[in-house]
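Chains as they are written, first to last, in the working numbering: chain U, -9 to 119; chain H, 4 to 381.
Encoded as structure tokens, the structure appears first; notes follow it.
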Amino acid sequence: MIPIAYWRNRKLYTRLIGSRCKRCGAEYYPPVKVCKKCGSVDLEEKEMPKTGTIISYTKLTEPPVDFKDYSPIYLAMIRLDNGVTVLGQIADAESEEIRIGMRVMATIRKWTEDGQNGIIYYGYKFKII
Amino acid sequence: MSKVYIKSAGLIPVGEHWNKSLTDLMVEASLNALKGQDGVKIDRIVVGNMMSGYLNNQEHLGALLASALGMKGIEALKVEAACGSGGMAVHEGYISVKSGDYENVLVVGVEKMKDADTQVLTKALAMAESADFTQVVGASFISLNALLMRMYMNKYNVQEEFLDYFPVIAHKNAVTAAHSQFKKAFTLEDVKRSPYLAEPIRLLSSAPSSDGAAALLLSSKPSDVEILASEVSTNELMISQRENPLKFEATEKAFKKAVEKAEINPSSVDFLEIHDAFPIVAALSLEAMGYSAEGRAGFDAANGKYNLDGDLPILTFGGLKARGHPVGGTGVYQIVEAYMQLTGTAGKNQVQGAKLGVTQNVGGVDTTSVVHILRKVS
């Protein structure tokens, strides 16, 4: 994790701020500068809905080095209620209970930290509801 | 516009080269390719590599290799497209020869992975994906492929074991391939007994980490093998932003463009070297190229279609899974292997009567796809 990059994106990571195209209405997370549907560059900030449905998931036993203390990680693709798909971890779950089609809600959790005296990084994870 | 031929090719065995550096690997593969080519004046060197900066504290591979080969003064550069770096390096070599500005171009693909420990390597591979939005949530490269594999199994109602025929085919072919990393055949039961790394992807269904380098001398002077087409396409960087994540659009487009440029009928292809990093990647690639119907690639594999003696042999020396996957080297290995098939020098792995071959090398999850079509010059 790069501290300044985290700081730059803190609002996105904690509130799921994406973007909405003012011309065609398409919504995105992460935010974009150019609309992928109509090519417009006239977009505005848009907060994503916090509930959605699991469309796929996996239990990751060998996460990248920044997340090694948090193994296993339950990673999922979530289709939010506005149709935007996001990647995120499922919090408080064992793989055995996760199913495609389950309803989830975004919540704020610890992602990782830079050692004992470093920054603690917080961001969204999803909880089964 | 010039035509582009492969004048010669060289490689080193894929594996664990503890006694060799990144530079040693590149030099050795280059010298193997240049054997018997003493009078040839090389105009350009293109190196394909993904992770030398992060894993080996080394960038600037173009000048590094030129210098190590005693060729200072020559134009040289590195190209990067994640796991597709090798294929992209061949593409870069191809367009330079095709332009008519360069007569002979040396293309080298290399990766030195075994010096790094697994978690560092996992992070390095994840750099193919968005730092700000994919890496931050703890996703590894394999986990993204696992998400696709579960979606695929769910959508087409396919059991895991049908996809796991791909590593079985790969390992069977690698047994007799002199340069392969694993000369051991597996059964479907062996794959099923291995642990999950990211459900539903298992240890024995994942490409390994490897050290390796392969090299090609491309030339506008007619030779035994012609590169008929070299095409590249890209897909949305994040799988979550794709309308249909189970459609490998980059591979579909690159393959379609290549077939048009080469003016071939896809059904006349004698063998395919595909990017089988994971079984799901093999399946979605074959489906994107139209060789299997959607949701059917695993069944076709189970029925023997893709065996070395089947209708359409794939992974003829073991593919990424069993020949090994030195990331930036892989795309060049594929084309060296196609060259061996087309020059009748594939030994026990020879596809009889091979005249036309296709290679497909992917960076990210079909984020960049590089397709080459090669023909034996009669």
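C-beta: ideal position from N, C-alpha, C; glycine also.
As a quick exercise: from the options, pick the residue whose alpha carbon is nearest that of residue i.
i                 : options                                   : result
Val74 of chain U  : U:Ile119, U:Asp32, U:Met38 and U:Arg(-2)  : U:Met38
Leu70 of chain U  : U:Met92, U:Ser30 and U:Asn(-1)            : U:Met92
Ala129 of chain H : H:Asp120, H:Ala119, H:Ser146 and H:Glu114 : H:Ser146
Ser24 of chain H  : H:Met116, H:Asp104 and H:Glu234           : H:Met116
Lys126 of chain H : H:Ser143, H:Phe169 and H:Leu150           : H:Ser143
Leu77 of chain U  : U:Glu87, U:Ala66, U:Glu86 and U:Ala83     : U:Ala66
Asn35 of chain H  : H:Met152, H:Asn148, H:Gln162 and H:Leu220 : H:Leu220
Glu132 of chain H : H:Ala119, H:Ala201 and H:Asn148           : H:Asn148
Lys250 of chain H : H:Met152, H:Ala305, H:Leu275 and H:Lys264 : H:Met152
Ala66 of chain H  : H:Gly56, H:Ile77 and H:Tyr57              : H:Ile77
Leu323 of chain H : H:Ile45, H:Glu263, H:Asp273 and H:Ser183  : H:Ser183
Asp3 of chain H   : H:Leu64, H:Thr190, H:Met54 and H:Val43    : Chain H is shown only over 4 to 381; residue 3 of chain H falls outside these bounds and no answer can be derived.
Tyr112 of chain U : U:Thr4, U:Tyr47 and U:Ala(-5)             : U:Thr4
Tyr97 of chain H  : H:Asp46, H:Gly56 and H:Asp41              : H:Asp46
Val55 of chain U  : H:Gln138, H:Glu234, H:Val82 and H:Lys195  : H:Gln138
Pro53 of chain U  : H:Ala286, H:Lys75, H:Arg196 and H:Ala201  : H:Ala201
Glu86 of chain U  : U:Tyr47, U:Leu33 and U:Gly105             : U:Tyr47
Tyr57 of chain H  : H:Glu290, H:Ile283, H:Val123 and H:Asp314 : H:Val123
I need the DSSP call for residue i, collapsed to helix, strand or coil.
i                 : result
Asp303 of chain H : helix
Asp279 of chain H : coil
His63 of chain H  : coil
Gly56 of chain H  : helix
Ala217 of chain H : strand
Lys259 of chain H : helix
Met95 of chain U  : strand
Leu249 of chain H : coil
Trp21 of chain H  : coil
His328 of chain H : coil
Glu114 of chain H : strand
Ile145 of chain H : helix
Gly350 of chain H : helix
Just to confirm before moving on: does the CB-CB distance between residue i and residue j stay below 8 Å?
i                 : j                 : result
Val380 of chain H : Asp227 of chain H : yes
Ile68 of chain U  : Phe116 of chain U : yes
Arg377 of chain H : Glu229 of chain H : Here residue 377 of chain H turns out to be Leu, not Arg, going by the sequence shown. The answer is yes: Cβ separation under 8 Å.
Leu72 of chain H  : Val30 of chain H  : yes
Ala261 of chain H : Ala300 of chain H : no
Ser270 of chain H : Gln363 of chain H : no
Val110 of chain H : Val17 of chain H  : no
Ser222 of chain H : Asn107 of chain H : yes
Thr43 of chain U  : Met95 of chain U  : no
Tyr8 of chain H   : Lys259 of chain H : no
Ile129 of chain U : Ile88 of chain U  : Residue numbering for chain U in the displayed model covers -9 to 119; residue 129 of chain U lies beyond these limits and cannot be assessed.
Glu114 of chain H : Met54 of chain H  : yes
Asp214 of chain H : Pro316 of chain H : no
Ser88 of chain H  : Gly367 of chain H : no
Ala257 of chain H : Val373 of chain H : yes
Tyr114 of chain U : Gly141 of chain H : no
Asp118 of chain H : Asn59 of chain H  : yes
Lys27 of chain U  : Ala16 of chain U  : yes
Should residue i go down as buried or exposed, given a rule of 16 or more other Cβ atoms within 10 Å for buried?
i                 : result
Thr254 of chain H : buried
Gly307 of chain H : exposed
Cys86 of chain H  : buried
Arg326 of chain H : buried
Gly360 of chain H : buried
Met91 of chain H  : buried
Met241 of chain H : buried
Ser236 of chain H : buried
Cys25 of chain U  : buried
Cys11 of chain U  : buried
Leu166 of chain H : buried
Val171 of chain H : buried
Thr107 of chain U : It should be pointed out that residue 107 of chain U corresponds to Asn in this sequence rather than to Thr. Label assigned to Asn107 of chain U: exposed.
Ser243 of chain H : buried
Asp312 of chain H : exposed
Leu206 of chain H : exposed
Met4 of chain H   : exposed
Whose C-beta lies closer than 6 Å to the C-beta of residue i among residues of the same chain, with five residues either side of it excluded?
i                 : result
Glu252 of chain H : Asn238
Ile109 of chain U : Pro(-7)
Ala217 of chain H : Leu14, Ala32, Gly112, Gly332, Val335, Tyr336 and Val339
Val178 of chain H : Lys186 and Ala188
Ala349 of chain H : Met343
With a threshold of 7 Å on Cβ separation, who are the neighbours of residue i within its own chain once the five nearest residues in sequence on each side are excluded?
i                 : result
Leu50 of chain U  : Pro62, Ile63 and Leu65
Ile204 of chain H : Ile145, Asn148, Ala149, Met152 and Phe281
Lys175 of chain H : Ala188
Met154 of chain H : Pro248 and Leu249
Ala341 of chain H : Glu276, Gly360, Thr362 and Leu377
Could you name the residues of the same chain whose beta carbon sits closer than 8 Å to that of residue i, not counting the 5 residues immediately before and after it, in chain order?
i                 : result
Lys38 of chain H  : Ser11 and Gly13
Gln353 of chain H : Gln344 and Gly347
Ala265 of chain H : Leu231, Ala232, Ile376 and Arg378
Taking C-beta pairs closer than 9 Å, name the residues in chain B that residue i reaches, listed in chain order.
i                 : result
Ala257 of chain H : Annotation note: the requested chain B is absent from the structure, which comprises protein chains U and H.
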